[in-house]
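In UniProt numbering, the protein residues as written are 1 to 214. A virtual CB, placed ideally from N, CA and C, is assigned to each residue, including glycine.
In C-alpha coordinates, the structure reads:
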(Lines of atoms letter the chains of each structure in order from A and count residues from 1; the text may use other names and numbers.)
(Lines give C-alpha, C1' and ligand atoms only; values in the text may rest on other atoms or scores of the structure.)
Protein backbone atom coordinates (compact mmCIF):
# COMPACT_ATOMS: atom_id res chain seq x y z
CA UNK A 1 0.00 0.00 0.00
CA UNK A 2 1.48 3.35 -1.03
CA UNK A 3 1.27 5.88 1.81
CA UNK A 4 4.06 8.32 0.94
CA UNK A 5 1.92 10.94 -0.82
CA UNK A 6 2.40 14.47 0.55
CA UNK A 7 -0.36 15.76 2.80
CA UNK A 8 -2.40 18.87 2.03
CA UNK A 9 -3.88 20.12 5.30
CA UNK A 10 -3.59 22.71 8.06
CA UNK A 11 -4.52 21.70 11.59
CA UNK A 12 -5.32 23.18 14.99
CA UNK A 13 -5.31 21.12 18.22
CA UNK A 14 -7.13 22.04 21.44
CA UNK A 15 -7.85 20.24 24.67
CA UNK A 16 -11.59 20.59 25.33
CA UNK A 17 -12.25 18.23 28.27
CA UNK A 18 -12.05 18.07 31.25
CA UNK A 19 -12.18 21.79 32.09
CA UNK A 20 -8.98 21.86 34.15
CA UNK A 21 -6.80 21.02 31.12
CA UNK A 22 -8.41 23.61 28.84
CA UNK A 23 -6.12 26.60 28.15
CA UNK A 24 -8.22 29.35 26.60
CA UNK A 25 -5.08 31.43 26.01
CA UNK A 26 -4.28 29.08 23.14
CA UNK A 27 -7.71 29.40 21.55
CA UNK A 28 -8.41 31.75 18.63
CA UNK A 29 -9.88 35.08 19.67
CA UNK A 30 -11.91 35.42 16.49
CA UNK A 31 -14.64 34.88 15.67
CA UNK A 32 -15.94 35.92 19.11
CA UNK A 33 -18.48 33.08 19.10
CA UNK A 34 -15.76 30.43 18.75
CA UNK A 35 -15.22 29.72 22.45
CA UNK A 36 -18.94 29.67 23.22
CA UNK A 37 -19.64 27.28 20.33
CA UNK A 38 -16.92 24.88 21.48
CA UNK A 39 -18.07 24.95 25.09
CA UNK A 40 -21.65 24.29 24.01
CA UNK A 41 -20.58 21.41 21.77
CA UNK A 42 -18.61 19.85 24.61
CA UNK A 43 -21.66 19.92 26.91
CA UNK A 44 -23.46 17.62 24.50
CA UNK A 45 -20.42 15.57 23.56
CA UNK A 46 -19.54 14.37 27.07
CA UNK A 47 -22.86 12.58 27.76
CA UNK A 48 -22.81 11.19 24.21
CA UNK A 49 -19.41 9.61 24.85
CA UNK A 50 -20.70 8.12 28.11
CA UNK A 51 -23.63 6.51 26.29
CA UNK A 52 -21.41 5.19 23.52
CA UNK A 53 -19.13 3.48 26.01
CA UNK A 54 -22.14 1.92 27.70
CA UNK A 55 -23.30 0.49 24.37
CA UNK A 56 -19.80 -0.68 23.48
CA UNK A 57 -19.44 -2.35 26.87
CA UNK A 58 -22.76 -4.19 26.70
CA UNK A 59 -21.82 -5.21 23.15
CA UNK A 60 -19.02 -7.23 24.76
CA UNK A 61 -21.47 -8.79 27.26
CA UNK A 62 -19.98 -6.68 30.05
CA UNK A 63 -21.61 -4.38 32.58
CA UNK A 64 -22.16 -1.00 30.98
CA UNK A 65 -19.54 0.85 33.06
CA UNK A 66 -16.69 -1.66 32.61
CA UNK A 67 -15.19 -0.42 29.36
CA UNK A 68 -15.10 3.26 30.22
CA UNK A 69 -13.58 2.56 33.65
CA UNK A 70 -10.91 0.37 32.06
CA UNK A 71 -10.00 3.20 29.70
CA UNK A 72 -9.71 5.97 32.27
CA UNK A 73 -13.21 6.66 33.57
CA UNK A 74 -13.67 10.30 34.54
CA UNK A 75 -9.97 10.94 33.87
CA UNK A 76 -10.42 10.39 30.15
CA UNK A 77 -9.62 13.50 28.10
CA UNK A 78 -10.91 14.94 24.83
CA UNK A 79 -8.65 16.52 22.23
CA UNK A 80 -10.20 18.50 19.37
CA UNK A 81 -8.40 18.64 16.04
CA UNK A 82 -9.63 21.03 13.35
CA UNK A 83 -8.60 19.95 9.85
CA UNK A 84 -8.59 22.50 7.02
CA UNK A 85 -8.09 21.08 3.53
CA UNK A 86 -7.91 23.94 0.97
CA UNK A 87 -8.45 23.26 -2.73
CA UNK A 88 -5.53 21.29 -4.13
CA UNK A 89 -4.38 21.81 -7.75
CA UNK A 90 -3.23 18.17 -8.03
CA UNK A 91 -5.43 15.98 -5.83
CA UNK A 92 -4.07 12.94 -7.67
CA UNK A 93 -0.65 13.61 -6.11
CA UNK A 94 -1.62 14.41 -2.51
CA UNK A 95 -3.69 13.24 0.42
CA UNK A 96 -5.28 15.23 3.19
CA UNK A 97 -4.12 12.72 5.80
CA UNK A 98 -2.14 9.55 5.07
CA UNK A 99 -3.60 6.11 5.93
CA UNK A 100 -3.57 5.50 9.68
CA UNK A 101 -5.53 4.25 12.66
CA UNK A 102 -6.30 6.52 15.61
CA UNK A 103 -4.30 5.69 18.74
CA UNK A 104 -7.07 6.83 21.12
CA UNK A 105 -10.17 4.98 22.35
CA UNK A 106 -12.80 6.42 20.03
CA UNK A 107 -12.93 9.40 17.69
CA UNK A 108 -16.06 11.45 17.08
CA UNK A 109 -15.96 13.32 13.79
CA UNK A 110 -18.07 16.07 12.24
CA UNK A 111 -17.18 16.90 8.59
CA UNK A 112 -18.52 19.52 6.24
CA UNK A 113 -20.33 18.41 3.08
CA UNK A 114 -17.21 17.96 0.92
CA UNK A 115 -16.33 14.25 0.52
CA UNK A 116 -12.90 13.02 1.50
CA UNK A 117 -12.95 10.51 4.36
CA UNK A 118 -12.24 6.94 3.25
CA UNK A 119 -11.90 3.63 5.09
CA UNK A 120 -10.09 0.51 3.93
CA UNK A 121 -12.27 -2.55 3.42
CA UNK A 122 -11.20 -5.71 1.59
CA UNK A 123 -8.13 -3.88 0.23
CA UNK A 124 -10.27 -1.14 -1.31
CA UNK A 125 -10.73 2.46 -0.20
CA UNK A 126 -14.41 3.16 0.41
CA UNK A 127 -15.87 6.67 0.62
CA UNK A 128 -17.68 7.47 3.85
CA UNK A 129 -21.01 9.04 2.92
CA UNK A 130 -21.81 12.45 4.30
CA UNK A 131 -24.92 12.42 6.47
CA UNK A 132 -26.06 15.87 7.68
CA UNK A 133 -26.71 16.32 11.40
CA UNK A 134 -24.78 13.20 12.33
CA UNK A 135 -21.50 12.35 14.06
CA UNK A 136 -19.14 9.71 12.69
CA UNK A 137 -17.67 7.38 15.33
CA UNK A 138 -14.33 5.75 14.65
CA UNK A 139 -12.92 2.89 16.76
CA UNK A 140 -9.36 3.59 17.94
CA UNK A 141 -6.41 1.41 18.91
CA UNK A 142 -7.04 1.41 22.67
CA UNK A 143 -10.58 0.11 22.20
CA UNK A 144 -9.32 -2.65 19.92
CA UNK A 145 -6.72 -3.60 22.52
CA UNK A 146 -9.07 -3.56 25.51
CA UNK A 147 -11.69 -5.59 23.61
CA UNK A 148 -8.97 -8.09 22.64
CA UNK A 149 -9.70 -7.49 18.99
CA UNK A 150 -13.47 -7.80 19.07
CA UNK A 151 -13.69 -4.15 18.06
CA UNK A 152 -11.36 -3.21 15.19
CA UNK A 153 -9.43 0.03 14.91
CA UNK A 154 -10.34 1.49 11.52
CA UNK A 155 -7.66 2.22 8.93
CA UNK A 156 -8.66 5.44 7.21
CA UNK A 157 -7.35 8.36 5.19
CA UNK A 158 -8.60 11.61 3.68
CA UNK A 159 -8.45 12.76 0.08
CA UNK A 160 -8.48 16.35 -1.17
CA UNK A 161 -10.59 18.26 -3.67
CA UNK A 162 -9.45 20.39 -6.58
CA UNK A 163 -12.23 22.98 -6.32
CA UNK A 164 -13.71 22.92 -2.83
CA UNK A 165 -12.46 23.39 0.71
CA UNK A 166 -13.01 20.49 3.07
CA UNK A 167 -13.05 20.78 6.86
CA UNK A 168 -13.52 18.28 9.65
CA UNK A 169 -13.66 18.41 13.43
CA UNK A 170 -12.52 15.12 15.02
CA UNK A 171 -12.49 14.76 18.80
CA UNK A 172 -10.13 12.11 20.17
CA UNK A 173 -11.16 10.49 23.46
CA UNK A 174 -7.90 9.60 25.18
CA UNK A 175 -7.03 7.67 28.33
CA UNK A 176 -4.65 9.13 30.94
CA UNK A 177 -1.00 8.95 29.85
CA UNK A 178 0.05 6.68 32.72
CA UNK A 179 -2.86 4.25 32.40
CA UNK A 180 -1.81 0.71 31.50
CA UNK A 181 -4.15 -0.69 28.87
CA UNK A 182 -4.40 -4.29 27.77
CA UNK A 183 -7.08 -6.84 26.92
CA UNK A 184 -9.78 -6.94 29.58
CA UNK A 185 -9.44 -10.06 31.78
CA UNK A 186 -13.13 -10.85 31.21
CA UNK A 187 -12.40 -11.30 27.49
CA UNK A 188 -9.42 -13.63 27.84
CA UNK A 189 -9.59 -17.41 28.12
CA UNK A 190 -7.63 -20.51 27.19
CA UNK A 191 -9.54 -20.61 23.93
CA UNK A 192 -9.17 -16.87 23.40
CA UNK A 193 -5.77 -15.74 24.75
CA UNK A 194 -4.61 -12.12 24.86
CA UNK A 195 -3.82 -10.79 21.39
CA UNK A 196 -2.11 -7.60 22.58
CA UNK A 197 0.53 -6.56 25.10
CA UNK A 198 -0.40 -4.34 28.03
CA UNK A 199 1.29 -0.94 27.88
CA UNK A 200 0.76 2.50 29.34
CA UNK A 201 -0.77 4.96 26.93
CA UNK A 202 2.18 7.37 26.93
CA UNK A 203 4.57 4.63 25.80
CA UNK A 204 2.07 3.36 23.25
CA UNK A 205 1.67 6.84 21.78
CA UNK A 206 5.46 7.33 21.64
CA UNK A 207 5.92 4.08 19.73
CA UNK A 208 3.04 4.86 17.40
CA UNK A 209 4.21 8.37 16.55
CA UNK A 210 7.80 7.21 16.01
CA UNK A 211 6.78 4.09 14.07
CA UNK A 212 8.36 1.74 16.60
CA UNK A 213 6.85 -1.78 16.65
CA UNK A 214 4.53 -2.24 19.63
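Query, Result
"Reduced DSSP category for residue 3 - H, G, I as helix; E, B as strand; rest coil", "Low confidence applies to residue 3: its pLDDT is 46, below 50, so where it sits in the model is not reliable, and the reading given next is rough at best. Residue 3 falls in the coil class under three-state DSSP."
"For residue 58, three-class secondary structure by DSSP", "helix"
"Neighbourhood of residue 84 by C-beta, 6 angstroms cutoff - its chain only, sequence neighbours within 5 removed", "10, 167"
"DSSP state of residue 65 mapped onto helix, strand, coil", "coil"
"Beta-bridge partners of residue 195, as assigned by DSSP", "Looking at the DSSP assignment, residue 195 forms no beta bridge with any residue, so it has no partner."
"Residue burial classification, residue 3 (beta-carbon count within 10 angstroms, cutoff 16)", "Annotation note: pLDDT 46 at residue 3 (below 50); position unreliable, no value reported."
"Residue span of the beta strand (DSSP E) that contains residue 109, given as start and end", "106 to 111"
"Cutoff 8 angstroms; reference residue 94; Cβ partners in own chain excluding five residues on either side", "5, 6, 7, 8, 88, 160"
"Boundaries of the beta strand (DSSP E) in which residue 81 is found, first to last residue", "77 to 85"
"Alpha-carbon to alpha-carbon, residue 31 and residue 150", "43 angstroms"
"Pair within 7 angstroms by beta-carbon distance, residue 154 and residue 181", "no"
"Residue range of the unbroken beta strand (DSSP E) whose run includes residue 174", "166 to 174"
"Per DSSP, the bridge partner or partners of residue 117", "158"
"Same chain only: Cβ atoms within 7 angstroms of residue 62, ignoring 5 sequence neighbours per side", "186"
"Cβ neighbours of residue 17 in the same chain (closer than 7 angstroms, five flanking residues each side left out)", "42, 46, 77, 78"
"Residue(s) in a DSSP beta bridge with residue 14", "80"
"Nearest-angstrom Cα separation, counted from residue 213 out to residue 207", "7 angstroms"
"Short Cβ contact (7 angstroms threshold) for residue 179 with residue 201", "yes"
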